[in-house]
Each structure stands twice: as structure tokens, then as C-alpha cells.
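Taken in order, these protein sequences are the chains called U and W.
The numbering used here puts the first sequence at residues 42 to 432.
The numbering used here puts the second sequence at residues 42 to 432.
Note that CB positions come from ideal geometry on N, CA and C, so glycine has one too.
Quick caveat: nothing in here was measured; it's all calculated off a predicted structure.
Protein chains: 2
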Amino acid sequence: MSTGAVANWGLMGSRERIVQPQTFTFAEGSDAFVLESGSRLGPITVAYETYGVLNRERSNAILIAHALTGDHHAAGKNHPAEKAPGWWDDLIGPGKPFDTNRFFIICSNVLGGCRGTTGPASINPETGRPYGMDFPVYTIRDMVRVQKALIDHLGIERLLLVAGGSMGGMQVLEWGVTYPDMMDGLLPIATAGRMTAMGIAFNEIMRRTIMLDPAWNGGDYAPGKGPAQGLAIARMLGMVTYRSDELFTARFGRRMTNNQPKAYFDFDNRFEIESYLHYQGDKLVQRFDANTYMYLCKAMDLLDVGRGRGGYEKALASIAARTLFIGVDSDWIYPPVYMIEMAEIMKKAGCDAGYWELKSPHGHDAFLVEFERMRPVVASFVNGIADMRQV
Amino acid sequence: MSTGAVANWGLMGSRERIVQPQTFTFAEGSDAFVLESGSRLGPITVAYETYGVLNRERSNAILIAHALTGDHHAAGKNHPAEKAPGWWDDLIGPGKPFDTNRFFIICSNVLGGCRGTTGPASINPETGRPYGMDFPVYTIRDMVRVQKALIDHLGIERLLLVAGGSMGGMQVLEWGVTYPDMMDGLLPIATAGRMTAMGIAFNEIMRRTIMLDPAWNGGDYAPGKGPAQGLAIARMLGMVTYRSDELFTARFGRRMTNNQPKAYFDFDNRFEIESYLHYQGDKLVQRFDANTYMYLCKAMDLLDVGRGRGGYEKALASIAARTLFIGVDSDWIYPPVYMIEMAEIMKKAGCDAGYWELKSPHGHDAFLVEFERMRPVVASFVNGIADMRQV
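Below, the structure written as C-alpha cells:
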């Protein structure tokens, strides 16, 4: 099987890697998708991209899962004028660890996202208006079940690997527990198998900040409008948790935007770290929906791979795939200790699990930054799986 | 010298330690106080409490400095029905490390506070309305200079010791650098000598959250009204930074307030950590002013003991008092590394400086919790200073 988009990618070559997003719609009519909560949702459209060519045996597929504000545009460009390529372009492409000369890479916008897949900002067919806060609560497990529908649609029975960082890593782990026989490898990065109380705390504060913005209006706002300030502040907070004290000190220190001595005492004179965060906050507002942000945070809060499966240890022990956890030493929002704990639980149960620590001052976001250091480790793991599978 | 309140404390004995807050007003009329910024402010009323009796030589005075949301009520009770005693009552009292049988303890509400000392919530004599955002920006150094005026008023020429945690510790360090000949000891706890970029980041997010609340209204609100929701959310965020992942996991884990299986997917079903933070946020609103919160955070942002003094190292090296830094191993918002750095800078310069690390899962707030562990260390340091001074 080789879709148009796949051929497109293949034909364009590595210098101009143009990729066309695709969509897949299912759960239509009476065939609605039943969420974990019991709520029914449909139809569901999934936006996705693929890179490389699916081989005849359909044995070279790798699924990449994105993080909170990420999307299905993981590599290449959608058009030549695009400023920057997809978010993991440093790892996905010809000769890169996720080698498009060897593998068929799939990345989809998650269920409940706002970048093409059905979510709170989508039109509710029953009302003709955006779902808003009427969208049902969904979980990481639901996201994975929707990805499974896409994989089925692509005619793939078994994945070589599922990989992703942060919320992407949560999907990786849910894949491993929900469909243990469907992949040879798992690569969860800077993530958790159950959300910590600290993580829930930050998510709740971000949600409340969005809800405090009068423009939120109970979640009922016109597309493109909405609580810009609330979402921007939530993003500012998110950004702080994704970085480290060490990085901020080195990069911004105590420098101010206005260094006139008298300006030091101006209430509104910003330190450079403040300007940076405001810039990041405002930037997210341009491309992200506030209700969706809240639902995605809620989905992360509800993450516990052991829920309804006899507990955390038992669920992790049921993973059949070779698993490499990658943690970041300076990541304080998804502390390495919990990834080490998962690897230990799996090893004790006889699973093929390992842990590698990325040394970086970049904090949680190191998985989106430290490509030089990650590349050999990821390449070795991916190729090891592929060699085992004789791809 | 022995004021009424001091006698009161002495007479009531240790079982019913009742203390009366006092006030001192200065900078009246044309004698306005000139802030670091050059702005003039007056009159300034300072609310304070004292515990124990000032000796004839006036040589047994200890100044305690409070943290962001603290106040001058550091020990005892203001009336018998009061629920809990002052915030450092476990360390201040007869036979305690700050032994009121031996020492005369002073604690004042900081300049720009909202618990009795002149601040943004006070009435601006020029307008007859609360200062609000018309209050001038002040610094930790300004707070210390106002405390100096109080110390002068009490007829004390030299303090035995200045002690405090968090924002209190910042005042301790500014005391040591601003008035190096005025004390024998300094006890800065869980604090910094210059605000980190990470600390500034959190403070800015808290300020913006307050300002996002429509009830903030540019800082113009009636006393007792104001941005309750914004301040509550800011406090929730503050609380998260004062604690640790380890503590939250042990205390709240992933427990929900409604444990019915179906309630798991309710958007509004709170995890216990969320309920706890909401409770803390709402509680602060009852006793704290939002504009004041913003100004105090700004004062912390502006903290750099080296500013205008030839730099950080030179300023710290100018401290003459024996100094013991206490850091908390799990404190990630005021990381021990910066306190260790300050102690090293001082030692290299020939200062009498040491560092002790409090091992605790309580994070930054350990200085308000871990009294059993702190007591012997604080007592030993305080008594060492007092013995040296032959008090």
C-alpha cells in the first residue's frame, strides 16, 4: 500500500521534503465511537501526516505521538515557504534516526486536538456550533484507541515502534498496555505512566487562568476569538515548567528590557525572562484553542496506565514490546525518578526495558531541543528493533 | 526601656502568651521617606509586635523578618480565642531558640504590606482613597530601611541578630549589607541574594493572573473587594512552588474528592490536590490584598544585594555579621545551590559564614514546618551569638 501523500514525500526527495496532511473520518452515523467515559462521539476526523513509504509487508511503520501543543506535522514542510519544518524534523527524514528511507512514519493530531482532528473547537453536528465545553471528557487511552482506528485504516496490523515525548510519551505507554501485541518497540520520553499530583496542580492552575478570562465565557466563544489573555498566561506557566532554573539563569539572568537606571523601578519594566514568556504566550494563542488546552490537560490528569487493569505494576508488566525510557536530568515536571521506577517495575517482571538519561539544562523540553545527543541513542534503539524484525 | 506590650507579654507568662500589636508612625509632613526609586512616601505607619523584655544595655534585641504573605504576628496570640499562635511560635517563646526569657524579639509588617504597615491598600492622604497602583514601587532594601527607623525608635543601636525565611531572608541579607555594623548575626533561611529568572517568571505569572480578573480594575477596588479569583489562583501557584513533588505525591497522590467510578470522567471532579490548592487560595483572599501581593512580588524581583554596590560578590563580602545560611534540600524555587554560593563567596572573602541544609520533603515551606529539625541548629547559632556578645 502506498498512498498519494507517501509517494509525494518519496518523490520530492530530501532537499524539498513537502508533505501533505491527510484526513481520515470514521465513527459516522450510528457507528459512534464510545469513549472510556461511556460518552459517544462521532463522526471523528483524524488529521495525520506520513513520511517515507510503507513496505510491501507493511512491517516498517512507526507511529509518532505528539505533545500537548504539538500536532501531526512532525517533519518536512507543508509548503516550500513554511518557515520551519515539523517539530521532530531533526529526528525524522532520510538518514535520520526515524529514517524515511527505511521506515514509514505516521503522526496524527490527537483526539480532542485543535489542529485538524475532532475536538472541542470542532463543529458539533447536532448544533452546528463548536462543541466548546460540551465536548466529552476523553483520556490518553481514548487518543490511542483513535490512533488504532487510523492504523487499521492504513492496513497496518503491527507497528515497529511507537515513540513520543511528554503527552506523546503517555500515549506510547498506553499503546504498550492497551495493544501489547501490536508493536515491537516503545520509546517513551520525558513522560509519566500516571500524572503526578504536582502535574495535576499546574494543569488546574492553567485551566483556572483560562476560565478567569471573561472572553472564555463558559467555553462559548467564536472560532479564533476566545480567552487570549487567559490562554497566554497558561502558556507562560506551561513554558516555565518545561524549562529549568539553570537554563533561565544562563539565558536571561536578571537583564531587563529597559536598562535605563531610572527604569529599574518602573512597575511595568519587564525582565527579559518576562518578555520571553509573554512572547511565547501570545504566540500560542495564534495557533491554539483554549478549550482544547483545558481538555488536553484534563486528559493528562486522568492518565494512569494501571487504572482498571489491576494497578500500575501489573499494567506495566503486561507490556510486551522492547521499551527504552528516556528521561532528562533537569526535567522537574516529569522527574526522571518515575521513568526509572517504570523501567525497574518492567525489568523485575521480565520485560525488556531500559532507561537512558539525557543530560541537559533544557529541562522537560530537552526532547524538542537536544537532537545531537538524542540522535545516536534513538537511532540505535530504532535500528535494533528494525533489525530484530528484519525490516 | 520597656514598653507596655513587652510588660504584657512578660506578665502573662508562657501558658497564655498574649501580645498586643503596636504601631509606630514616621515620615510625616515634610519629612517624607525617600524610597530607593526617588519617590517620596509619608506618613508611614509600621505595625509590629515584640516578645520578651529589652535589657538595660539594649543588647538583646533580635529582629525577625516575615515572608510574602506573613506579617508581624510571629508568636503568641493577640487574644485568648485566637485559633493558632503566630507563624514562628514554635521558635519564639520561653525556652525556645528565640528565647523570650533571654531575648527581646521584634517583628514588623514590611513596608508596602497590608497587615497594618503602610502599603497599597492604605489610604493615600492626598486622595482619601486607597493608594492601589499609585503606590510607589519599593524594594527589599526600602523595607529594611523602614525597619531601621523602627529600631531607632525603639532606642536600639545594635541588633543581636536578624533572622527570617524566604522574603524574610532577603531582608536579612539586605540588613547585613546595608547596615553591616548594626548586628552580630544573620540567619537567612530558604532565600536568595538576588531573585532568579525562574522566580521572576512565577511572580510575573501570578501578577498577570491577578490583573486578568475583571475585579482587579486597574488596581482600583474598594477595601475588602478586589480580584478574589485572580488572587486565589496566584496563591494556588505560589503554594505549588513552596512545596515539593515528593510531598504532594505522599499527601494527595491521585485521590479524587468524588471516588465514584463514573465521576472519574467529570470535568469538574477535583483531585484532592486541586481541592487543597483551591482551599489555600480562597483562604488567602480573606486576609490579603491583591495589589499588595503584586507589589511584594515586584520587590522580590528587584532584589539584588549587589545592585549599586559593586556587584554581588563585593556586597556579600561586606557583611560583617556571623552568618548561617539554612537551605532546604527539596526547595526548588529557592534552590540551596545559591545559598551555598553565597556562603562560599563570603568565606573566600574572610567572612564568618556557614551553610546548613535542612533535609525535608516539605520544599521551600520547610522553614514554617520542620521545627523539630531546625530548633537545635537555630538555638545553637542564636546562643553562640548571644554568648559572644555576653548577653
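Look at the Cβ atom of residue i, then the Cβ atom of residue j, and state whether they are nearer than 8 angstroms.
i	j	result
L278 (chain U)	M247 (chain U)	yes
G117 (chain W)	P126 (chain W)	yes
L202 (chain W)	M224 (chain W)	yes
H405 (chain U)	T282 (chain U)	yes
M174 (chain U)	I251 (chain U)	no
E245 (chain W)	R99 (chain W)	no
S78 (chain W)	P177 (chain W)	yes
L343 (chain U)	T110 (chain U)	no
Y396 (chain U)	A384 (chain U)	yes
G205 (chain U)	T333 (chain U)	no
R328 (chain W)	I426 (chain W)	no
M208 (chain U)	M341 (chain U)	yes
L187 (chain U)	Q212 (chain U)	As written in the sequence, residue 187 (chain U) is Val, which differs from the Leu given in the question. No, these two residues do not count as a Cβ contact at 8 angstroms.
At which residues does the alpha helix (DSSP H) containing residue i begin and terminate?
i	result
E245 (chain W)	A238 to L253
C338 (chain W)	A331 to D342
G352 (chain W)	Run containing G352 (chain W): none; DSSP gives neither H nor E here.
R363 (chain W)	R363 (chain W) -> not in any alpha helix (DSSP H); beta strand (DSSP E) instead, spanning R363 to V369.
A427 (chain U)	F412 to R430
Y379 (chain W)	P377 to K389
S316 (chain U)	E313 to V326
A190 (chain W)	I181 to H194
Where residue i and residue j are concerned, what is the direct C-alpha to C-alpha distance, given to the nearest angstrom?
i	j	result
A358 (chain W)	L214 (chain W)	11 angstroms
C148 (chain W)	P221 (chain W)	20 angstroms
K339 (chain U)	Y179 (chain U)	8 angstroms
D112 (chain W)	V151 (chain W)	7 angstroms
A106 (chain W)	R156 (chain W)	14 angstroms
G391 (chain U)	G154 (chain W)	59 angstroms
E123 (chain U)	R58 (chain U)	11 angstroms
I374 (chain W)	A231 (chain U)	21 angstroms
F401 (chain W)	S285 (chain W)	For the record, residue 401 (chain W) in the displayed sequence is Ser; it is not Phe. One C-alpha to the other measures close to 10 angstroms.
R182 (chain W)	I360 (chain U)	58 angstroms
G259 (chain W)	M280 (chain W)	25 angstroms
P138 (chain U)	V423 (chain U)	7 angstroms
L95 (chain W)	L195 (chain W)	10 angstroms
S163 (chain U)	T86 (chain U)	10 angstroms
M210 (chain U)	T158 (chain U)	Inspection of the sequence shows that residue 210 (chain U) is occupied by Gly rather than by Met. Going from the Cα of G210 (chain U) to the Cα of T158 (chain U) covers about 19 angstroms.
T298 (chain U)	A331 (chain U)	29 angstroms
E287 (chain W)	L288 (chain U)	23 angstroms
F67 (chain W)	D193 (chain W)	11 angstroms
R416 (chain U)	D140 (chain U)	11 angstroms
G83 (chain W)	P171 (chain W)	14 angstroms
A394 (chain W)	L365 (chain W)	6 angstroms
G169 (chain U)	E69 (chain U)	16 angstroms
K388 (chain W)	K189 (chain W)	27 angstroms
Leaving aside the five residues before and after residue i along the sequence, list all residues of the same chain whose C-beta is less than 7 angstroms from its C-beta, in chain order.
i	result
L470 (chain U)	One cannot answer for residue 470 (chain U) here, as it falls past the ends of chain U, which runs 42 to 432.
R276 (chain W)	Q321, G322 and L325
A269 (chain W)	A256 and V326
A88 (chain U)	P62, T64, H113, S149, N150, R156, G157 and T158
Please go through the same chain and pick out, in chain order, the residues whose beta-carbon is closer than 6 angstroms to the beta-carbon of residue i, but skip the five residues on each side of it.
i	result
F144 (chain U)	G93, N101 and I103
R81 (chain W)	A73 and V75
A48 (chain W)	Only weak support is given to the placement of A48 (chain W): the predicted model assigns it a pLDDT of 40, under 50, and the question is left unresolved by the model.
S421 (chain W)	none
F312 (chain U)	M297
D261 (chain U)	G173
Beta-carbon within less than 8 angstroms of residue i's beta-carbon, same chain only, minus the 5 sequence neighbours each way: which residues are those?
i	result
K433 (chain W)	The structure shown does not extend to residue 433 (chain W), since chain W spans only 42 to 432, so no value can be given for it.
Y353 (chain W)	G234, R235, D345, V346, G347 and I386
A115 (chain U)	E90, Y92, I105, H107, G127, W128, W129, D130, I133, I146 and C148
R350 (chain W)	V218, A356 and S359
H319 (chain W)	A273, M277 and R311
Between which two residues does the beta strand (DSSP E) containing residue i stretch?
i	result
P229 (chain W)	M224 to I230
V203 (chain U)	L200 to G206
V87 (chain W)	I85 to Y92
E398 (chain W)	A394 to L399
K63 (chain W)	Before going further, note that residue 63 (chain W) is Gln rather than Lys in the sequence given. Q63 (chain W) -> beta strand (DSSP E) spans Q63 to F67.
I146 (chain W)	F145 to S149
**OP:** Would you check if there are 3 or more beta carbon pairs closer than 8 angstroms linking the region 399-419 of chain U to the region 362-382 of chain U?
**Re:** yes
Original post:
Does the region 228-241 of chain W come close enough to the region 291-303 of chain U that 3 or more CB-CB pairs lie under 8 angstroms?
Top reply: yes
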